[in-house]
Amino acid sequence: MTTIKTSIETIKGPGIPLRANDIDTDRIIPARYLRCVSFDGLGEHAFEDDREQDKSHPFNKDIYKNAKILIAGSNFGCGSSREHAPQSLKRWGIDGIIAESFAEIFFGNCMAIGLPCFTVSQADAQRLFQIVEEDPTAELVMDVASATVTIGDTVIQAGMPQGARESLVNGSWNATAILLQAEEKIQATANCLPYIGLFNMSVAPQFD
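Note that this note's numbering has the sequence shown beginning at 119, numbered continuously upward.
Listed below in structure tokens is the structure:
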């Protein structure tokens, strides 16, 4: 049986501040990249158009190149439902997102790839912005089970639906891993099906 560790309990690392509201998925990853066959290489194109138009964009700054946790404003991930948006952020290096609020479909797409999303109040978001801007190396800790954010002596109670938190902690967010854990049962079922492997035969079957 294939065993994959899928539990996500804690996210740790420096933060990157994105002081903006209503960041839509087209800004996160431009539509021209939706034609890709796989998600490989999407990370380098995260916020590409915004970064080209604004050289001071946080994703252009070397001080945030090791960031693991993105901090944003309200309604983050609004717009189209493209799953490429959270994929590009994760492949850039983001392991968790903290924002005032999220678009529902974007949140769901993040959950599907194990990218925890915490909500915080506007006041707490401003506190996090300030702390990270003053010290880009400061380590943030997102504790999924308790839905808290810790940075230095500051502990912030965040929000996340209980079901989402539980699925991250127990690993059930990863549908592929769950499927692989049933590998032996799947193979046993496959072995009972007469048509499995039919067209892998060295000699093609003859039909009347």
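C-beta atoms are modelled at their ideal positions from N, C-alpha and C, and glycine is treated no differently.
| task | Just mark T272 as buried or exposed, buried being the case when its beta carbon has 16 or more other beta carbons within 10 Å. | result | exposed
| request: Identify whether A190 lies in helix, strand or coil by the three-state DSSP scheme. | output: strand
| Chain-order list of residues whose beta-carbon lies under 7 Å from that of R169 (same chain, five-residue window excluded) | H175, F177 and N178
| field | Same chain, Cβ closer than 6 Å to V225, five either side skipped, listed in chain order | value | Checking the sequence shown, residue 225 turns out to be Phe, not Val. Within the same chain, F225 has close Cβ partners C235.
| field | Assumed close pair F157, H202 - CB separation to whole angstroms, cut-off 8 Å | value | 7 Å
| Which residues bound the alpha helix (DSSP H) around V250? | Q240 to E252
| field | Exposure of C310, with buried meaning 16 or more beta-carbon neighbours within 10 Å | value | exposed
| query | So what does K130 bridge to, in DSSP terms? | reply | V259
| request: Leaving out five residues on either side along the sequence, give the residues of the same chain with a beta carbon under 6 Å from the beta carbon of Q205. | output: F157 and L160
| request: Return yes when the Cβ of I216 is within less than 9 Å of the Cβ of A276, no when it is not. | output: yes
| said: Tell me the DSSP secondary structure of D167 in three-state form. | reply: helix
| Which residue from M278, S285, P254 and R200 puts its Cα closest to that of R150? | R200
| 8 Å CB neighbourhood of N288 in its chain, flanking five on each side removed | S125
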